[in-house]
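Student: Take this structure first; my questions come after.
Numbering (my numbering), first residue to last: 4 to 251.
Here it is, written out as structure tokens:
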């Protein structure tokens, strides 16, 4: 967690015109350019990557810089570069916990705001994509399992915000889809075990629809401070916090 906070602090310091969290959510289109630094923590209950039967707890921490450009008064696109971790905790008895180091991450997004002008109420529809390549190893006795992932998340969200002066609270719903590929290498006392190694595709479209709540606070000079959280009854939750600036 200390590494996570340290990296977030570096990004906020270096990016003069930017800041932290996927926002501002309700600053869409208008042919504006914005820069954002996002810092978030995600917890999933996902299908077991070992058996595809049952679910395991996974935690991911992310930081990233997002640039957005308004294509039309009601539409903008974004691209993200950053870093992410992924760690498993609910492993079979005797296996060491998997704790992953920071890896390069990337993403993209598309947002639609209706109405396009700054009315008191605004409906927002968006879809976000995040990808990264975590790699981790777990051990039990002389057995060692190394997993390399190509991890993809696709999350459509619909939300409604209300402008109360400089404050914009919003509520909505979203549904994550998790897709990936896993390459597994198993060794016993340092000797490869080909029969237990290999590759497999990972698809988990069974994540529940989740409520989303957030708050934006408009600051001087085009800055916005934002906090957002979501979750569901299966144990999936996300918490994001940060600051963004509209450049134009």
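Glycine included, each C-beta is placed from N, C-alpha and C at the ideal position.
1. Residues in the same chain with beta-carbon distance under 6 Å from residue 131, minus the five sequence neighbours each way, listed in chain order, please.
2. List the residues that DSSP assigns as beta-bridge partners of residue 75.
3. Short of 6 Å in beta carbon distance, which residues of its chain neighbour residue 128, apart from the five on each side in sequence? Order them along the chain.
4. Could you name the residues that DSSP lists as bridge partners for residue 173?
5. Is there contact here, the stretch 166 to 182 with the stretch 202 to 212, by at least three beta-carbon pairs under 8 Å?
6. Where does residue 67 sit, in a helix, a strand or coil, going by DSSP?
7. In terms of DSSP beta bridges, what is residue 224 paired with?
8. Given that a residue counts as buried once 16 or more other Cβ atoms are within 10 Å of its Cβ, and exposed if not, what is residue 198?
9. Does the stretch 167 to 177 come close enough to the stretch 208 to 219 that 3 or more CB-CB pairs lie under 8 Å?
10. Give a yes or no on whether the C-beta atoms belonging to residue 243 and residue 41 are separated by under 8 Å.
11. Between residue 146 and the rest of its own chain, which residues show a CB-CB distance below 6 Å, the 5 nearest in sequence each way excluded?
12. Which word fits residue 228, buried or exposed, when buried means at least 16 other C-beta atoms lie within 10 angstroms of its C-beta?
13. By Cβ distance below 6 Å, which residues in the same chain neighbour residue 45 in space, the five residues on each side in sequence not counted?
14. Within the same chain, show all residues whose beta-carbon is closer than 6 Å to that of residue 212, passing over the 5 residues directly before and after it, in chain order.
15. Report the residue from 39, 117, 78 whose alpha carbon sits nearest the alpha carbon of residue 68.
16. What residues in its chain sit with their C-beta under 6 Å from that of residue 135, if we drop five residues either side in the sequence?
17. What does the Cβ neighbour count give for residue 214, buried or exposed, with the cut at 16 atoms within 10 Å?
18. Just checking my contact of residue 194 with residue 37 at CB under 8 Å: how many whole Å lie between their CB atoms?
19. Among 73, 84, 72, 80, which residue has its Cα nearest to the Cα of residue 66?
20. What does the Cβ neighbour count give for residue 75, buried or exposed, with the cut at 16 atoms within 10 Å?
21. Can you find the residues in the same chain that come closer than 6 Å, C-beta to C-beta, to residue 164, ignoring five residues on each side of it along the sequence?
22. Answer with buried or exposed for residue 123, where buried requires no fewer than 16 other C-beta atoms within 10 angstroms of its C-beta.
Tutor: Put simply:
1. One-based indexing of the chain shown puts residue 131 at position 128. Excluding residues within five positions, the ones whose Cβ falls inside 6 Å are 112, 158.
2. If you number the chain shown from 1, residue 75 lands on position 72. Per the DSSP secondary-structure output, residue 75 pairs in a beta bridge with 78.
3. Translated into positions along the chain shown, residue 128 becomes position 125. Result list for residue 128: 115, 161, in chain order.
4. The residue given as residue 173 occupies position 170 in the chain shown. Under DSSP, residue 173 shares a beta bridge with 164, 217.
5. Judged by Cβ distances under 8 Å, the stretch 166 to 182 makes contact with the stretch 202 to 212, as three or more pairs qualify.
6. Counting from 1 along the chain shown, the entry for residue 67 is found at position 64. The answer is strand: DSSP assigns residue 67 an E or B state.
7. As a working note, residue 224 is residue 221 in the chain shown. Beta-bridge pairing links residue 224 to no other residue.
8. For the purposes of this step, residue 198 is taken as residue 195 along the chain shown, with counting starting at 1. Label assigned to residue 198: exposed.
9. yes
10. By one-based count along the chain shown, residue 243 stands at place 240. By one-based count along the chain shown, residue 41 stands at place 38. Result yes, Cβ atoms of residue 243 and residue 41 sit closer than 8 Å.
11. As a working mapping, residue 146 is identified with position 143 in the chain shown. Once the five neighbours on either side are set aside, the close Cβ partners of residue 146 are 191.
12. In the chain shown, residue 228 corresponds to position 225, counting from 1. Its Cβ being crowded by 16 or more others within 10 Å, residue 228 is buried.
13. Mapped onto the chain shown, residue 45 falls at position 42. Correct list, in chain order: 63, 241.
14. Position 209 of the chain shown, counting from 1, holds the residue named residue 212. Around residue 212, the same chain offers 176, 178 as residues with beta carbons nearer than 6 Å, after the five sequence neighbours per side are excluded.
15. Within the chain shown, the letter at position 65 stands for residue 68. Nearest of 39, 117, 78 to residue 68, Cα basis: 39.
16. As a working note, residue 135 is residue 132 in the chain shown. Result list for residue 135: 87, 106, 108, 154, in chain order.
17. By 1-based counting over the chain shown, the position of residue 214 is 211. Burial call: exposed.
18. The sequence position of residue 194 within the chain shown is 191, counting from 1. The sequence position of residue 37 within the chain shown is 34, counting from 1. Distance from residue 194 to residue 37 at the Cβ level is roughly 53 Å; contact not present, criterion being Cβ atoms closer than 8 Å.
19. Mapped onto the chain shown, residue 66 falls at position 63. Nearest of 73, 84, 72, 80 to residue 66, Cα basis: 84.
20. Along the chain shown, one-based indexing puts residue 75 at 72. The residue is exposed, with fewer than 16 neighbouring Cβ atoms inside 10 Å.
21. Mapped onto the chain shown, residue 164 falls at position 161. Cβ within range, chain order: 29, 125, 171, 173.
22. As a first step, residue 123 is located in the chain shown; it is residue number 120 there, counting from the start. When all chains shown are included, residue 123 counts as exposed.
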